[in-house]
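Remarks on the structure that follows.
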Amino acid sequence: METQYTETPILDHNRICHIIERMAWQIYENHYTAKDIYFVGITPRGNILSNLLKDHLQKIAPLTIHSFELSLSKETPHLYPVQINPSLPDVNGKHIVLVDDVLNSGSTLFYAFKPFLNYNPASLTTAVLVDRNHKRFPVFSDVVGIQLSTSLQEHVFVDLSGNHYKVILK
């Protein structure tokens with residue numbers, strides 16, 4: 001017998017756009033004295049969110065924004081190296097914003113910090129669209145779109161592709 005999963009819409013396109021704009025303003029408020037910021041988006045959807053935040057930030061702030069894509073194995077992050085493309089330059093004294101779509105257990109963000117341990121950045125800010133509050137690692141997000149309490153069996157799906165963004169609970 002096949003299990004049926006119901007889909008519950010959490011956020012629609014307009015609400016997500018509003019949240020992303022608010023998150024961009026919050027990032028700017030936290031870094032208003034910075035001359036440049038290094039955005040690092042965790043693939044795949046964290047990188048899309050990172051680019052959307054960057055686009056909004058460029059409209060409101062006189063900053064130079066550098067973009068990077070971080071890849072890691074979400075199932076076995078301890079077994080494979082974290083990769084950043086293009087290669088991360090010297091970020092000593094720089095402001096970094098690490099972006100992912102959903103913060104669940106904290107495992108992905110925990111392992112995503114690894115490349116930055118070789119540097120002494122001015123700040124490392126984390127930003128997520130959805131914080132599920134199921135942390136197993138001592139990780140939190142500085143900039144949160146929404147906090148969503150869910151059961152451990154539920155799955156939050158973020159779709160930022162095309163022109164119809166959505167967040168669904170399955």
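Per the UniProt record's numbering: the sequence shown = residues 1 to 170. Quick reminder that beta carbons are idealized off the backbone N, C-alpha and C, glycines included.
TODO: List the endpoints of the continuous beta strand (DSSP E) containing Ala122.
DONE: Run containing Ala122: none; DSSP gives neither H nor E here.
Open item on the list: For a quick check, are the C-beta atoms of Asp131 and Arg45 less than 8 Å apart?
Closed with: Not in contact: Asp131 and Arg45 (Cβ atoms no closer than 8 Å).
Open item on the list: What does the Cβ neighbour count give for Thr125, buried or exposed, with the cut at 16 atoms within 10 Å?
Closed with: Counting other Cβ atoms within 10 Å of its Cβ, Thr125 reaches 16 or more and is therefore classed as buried.
Open item on the list: Strictly by DSSP, which residues pair up with His155?
Closed with: According to DSSP, which records beta bridges pairwise, His155 is partnered with nothing at all.
TODO: With distances taken Cα to Cα, identify the nearest neighbour of Arg136 among Leu11, His13, Ala122 and Ser105.
DONE: The candidate whose alpha carbon is nearest that of Arg136 is Ser105.
TODO: Write down the C-beta distance between Ile42 and Val91 rounded to the nearest angstrom, noting that I regard them as a contact closer than 8 Å.
DONE: Not a contact, Cβ separation roughly 16 Å.
- [ ] Please state whether DSSP places Glu69 in a helix, a strand or coil.
- [x] Note: Glu69 maps to strand in three-state DSSP.
- [ ] Spell out a yes or no on whether the stretch 138–146 and the stretch 110–130 are touching, meaning 3 or more CB-CB pairs, one atom from each, closer than 8 Å.
- [x] Short answer: they touch.
Task: For Gly46, three-class secondary structure by DSSP - done: Gly46 falls in the helix class under three-state DSSP.
Open item on the list: Quick check on Asp131: does DSSP put it in helix, strand or coil?
Closed with: Residue state, collapsed to three classes: strand.
Task: Nearest residue (CA-CA) to Arg22, options Glu154, Lys35 and Leu49 - done: Comparing Cα-Cα distances from Arg22 to each of Glu154, Lys35 and Leu49, the minimum goes to Leu49.
Open item on the list: Check whether the stretch 50–57 and the stretch 75–84 are in contact - that is, three or more C-beta pairs closer than 8 Å.
Closed with: For the pair of segments examined, the stretch 50–57 was found not to touch the stretch 75–84: the number of CB pairs separated by less than 8 Å stays below three.
Open item on the list: Going by C-alpha to C-alpha distance, which of Pro86, Asn163 and Val158 sits closest to Ile10?
Closed with: If you compare the alpha carbons of Pro86, Asn163 and Val158 with that of Ile10, the shortest gap goes to Val158.
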